[in-house]
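Residue numbers (this note's numbering): 567 to 1074.
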């Protein structure tokens, strides 16, 4: 009988080797397919993100990056670099993910100080031909055909602004812990960074080379390039005011420096001349780098943006105790101390009432609870006006960062300190604020009890100090505001003319 023969050892090794080679070919092909698919996803997202942010910018200022680094030139802000995070994705109503399909990081986002120009950065897993930005909007379903992938590289999209990565690690600068806290002065740094103006146009260097990014931001990237080995721009102006000339300016690297922006009149209020809005009246009076309180300034109406994407017109007092006060309420002069909105103080302080354009002696105005809680603050200012004239004797400043007018009944709130209108003569201990939004405390003294609300009383408030609630009159800290009848009890017309005055309440 003929015996069956098996594989020899050499034949077995040969077969295994062939199978291994075939497996590796298949694995590499599959891996390449996965990375190619992810790159296609990245390209699709970057185009859609660009379109969404660009559309948003036609209606409002571009959103600031999240977790950002401030980029400055000789101490003056030129741009910000961070992420297109959840807040921005929500603002532009982005529904396509918004994160890298592999590492799940948000995409990097660079925006100029005037918030008119931006650039997006992503990282491809494979390299190839540069992204044809002029064609991709027209071939969104076939753009993979114009990419010759080979390895992972930086890919930018948007205005040619020079978004920054660390030279030796390729990390976006917002991932560098030392820069998050201190920012990056691009004109004086001795560290090496890579600036990607376009996908085929980047440059690596220190501040000696990269100081020209101030010029790039000024021109909004128009006509800017680094292909000659230096950064130069020949485009039209993007915004700002130049100090110095194009070739021999005062900035590092010979470029121009953007001058501080002042305040201008705009649409029934005021704003920065570059179109930006401060977050509060205080931030107009005490601005960030790159801005200065000059131009069309003084008491009056300003536009503020207390949180990204939310703007409002407010009245600012820029004189009392160095100014920066945002008006919350104007309580009108009325013999019964009632307002034109609401049935009691809770409703008046909670809901918007009146208009900031009319805050005279006979006008009721409330900014509304939702709006006031958006504005950062640490102090309150209460002032009386007698026949339209500030009664500085009956005014005080309280240091407190919480809400003194909650939509509830509150007795005593401990205050850090209370001072006179000059913020000098102060009481730092045993100071209390009493607020009753829909009832009243029934004696001139700051007693700890309150009376059940009758139909004609709708709340009052006052200041108590020295911790002696049975001896000290409400709001008696300074001047002659030392009687219960100067607490403007809602609906009480029985106290004569002593409570018939105008009162304004501010924060900063």
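Positions of the beta carbon are idealized from the N, C-alpha and C atoms, including for glycine.
Starting from residue 870, trace the alpha helix (DSSP H) in both directions and tell me its first and last residue.
Careful: residue 870 lies outside any alpha helix (DSSP H), inside the beta strand (DSSP E) at 866-873.
For residue 657, does the three-state DSSP call read helix, strand or coil?
Correct three-state label for residue 657: helix.
Grab the span of the beta strand (DSSP E) containing residue 857 for me, first residue to last.
Element bounds for residue 857: 857-861.
Can you give the Cα-Cα distance for residue 868 and residue 880, rounded to whole angstroms?
Approximately 6 Å, taken between the alpha carbons.
Quick one: what's got a C-beta closer than 7 Å to residue 627's C-beta in the same chain, skipping five residues either side?
If we look at residue 627 and ignore the five residues flanking it on each side, its Cβ neighbours are 681, 841, 842.
Per DSSP, what kind of secondary structure is residue 632 in: helix, strand or coil?
If DSSP states are grouped into helix, strand and coil, residue 632 belongs with the strands.
For the beta strand (DSSP E) that residue 722 lies in, which residues bound it at each end?
It spans 720-724 - the beta strand (DSSP E) in which residue 722 sits, taken as one unbroken run.
Are the CB atoms of residue 941 and residue 896 within a distance shorter than 8 Å?
Against a cut-off of 8 Å, the Cβ pair of residue 941 and residue 896 comes out as no contact.
Residue 752 and residue 773 look like a contact to me (Cβ under 8 Å); what is the Cβ gap, rounded to whole Å?
Rounded, the Cβ-Cβ distance is 6 Å, consistent with contact.
Would you kindly check if the distance between the Cβ of residue 934 and the Cβ of residue 945 is under 8 Å?
No, these two residues do not count as a Cβ contact at 8 Å.
Going by DSSP, what residue range makes up the beta strand (DSSP E) through residue 828?
Its beta strand (DSSP E) spans residues 827-832.
How about residue 1024 and residue 993: are their beta carbons less than 8 Å apart?
Not in contact: residue 1024 and residue 993 (Cβ atoms no closer than 8 Å).
Just how far apart, CA to CA, sit residue 886 and residue 859?
Those two C-alpha atoms are separated by around 16 Å.
Under a Cβ-count criterion, where at least 16 other Cβ atoms within 10 Å of its own Cβ denotes burial, should residue 670 be classed as buried or exposed?
Exposed: under 16 other Cβ atoms inside 10 Å.
Just mark residue 796 as buried or exposed, buried being the case when its beta carbon has 16 or more other beta carbons within 10 Å.
Counting Cβ neighbours within 10 Å, residue 796 comes out exposed, since fewer than 16 surround it.
Pick from 613, 914, 927: whose alpha carbon is nearest that of residue 1066?
Of the candidates 613, 914, 927, the one whose C-alpha sits nearest the C-alpha of residue 1066 is 927.
Per the DSSP calculation, residue 896 is bridged to which residue(s)?
In the DSSP output, where bridge partners are listed per residue, residue 896 has 931, 1070.
For the beta strand (DSSP E) holding residue 1002, just list the boundary residues, first then last.
Run containing residue 1002: 997-1002, per the beta strand (DSSP E) assignment.
Within a Cβ cutoff of 6 Å, which residues of the same chain sit near residue 965, ignoring the five residues on either side of it in sequence?
Around residue 965: 945, 982, 983.
So, helix, strand or coil for residue 992, using DSSP?
In this structure, residue 992 counts as strand in the three-state DSSP scheme.
Around the C-beta of residue 677, are 16 or more other C-beta atoms found within 10 angstroms, so that it is buried, or is it exposed?
Burial call: buried.
Under three-state DSSP, which class holds residue 1054?
In this structure, residue 1054 counts as coil in the three-state DSSP scheme.
Out of 846, 794, 878, 857, state which residue places its alpha-carbon closest to the alpha-carbon of residue 833.
Comparing Cα positions, the closest option is 878.
Which one or two residues does DSSP pair with residue 837 in a beta bridge?
830.
Residue 879 bridges to which residues according to DSSP?
869, per the DSSP bridge assignment.
If you follow the alpha helix (DSSP H) that residue 784 is part of, which residue opens it and which one closes it?
Note, residue 784: alpha helix (DSSP H), 779-784.
Out of curiosity, what's the CA-to-CA distance linking residue 871 and residue 789?
Rounded to the nearest angstrom, the two C-alpha atoms are 32 Å apart.
Anyone know if the C-beta pair for residue 657 and residue 683 falls short of 8 Å?
Contact flag unset, no.
Would a C-beta distance cut-off of 8 Å place residue 856 and residue 827 closer than the cut-off?
It is a contact, given that the beta carbons lie within the stated cut-off.
List the endpoints of the continuous alpha helix (DSSP H) containing residue 747.
It spans 743-748 - the alpha helix (DSSP H) in which residue 747 sits, taken as one unbroken run.
Tell me which residues share the same chain as residue 725 and place their Cβ nearer than 7 Å to its Cβ, disregarding the 5 neighbours each side in the sequence.
Cβ within range, chain order: 683, 684, 685, 786, 787.
Name the two residues that bound the continuous alpha helix (DSSP H) containing residue 843.
Run containing residue 843: none; DSSP gives neither H nor E here.
Which first and last residues belong to the beta strand (DSSP E) in which residue 945 is found?
945-952 is the span of the beta strand (DSSP E), which, as asked, contains residue 945.
Quick one: grab the DSSP three-state call for residue 612.
If DSSP states are grouped into helix, strand and coil, residue 612 belongs with the helices.
Under 8 Å, do residue 979 and residue 958 count as touching if we go by C-beta distance?
Cβ distance not < 8 Å, so residue 979 and residue 958 don't count as in contact.
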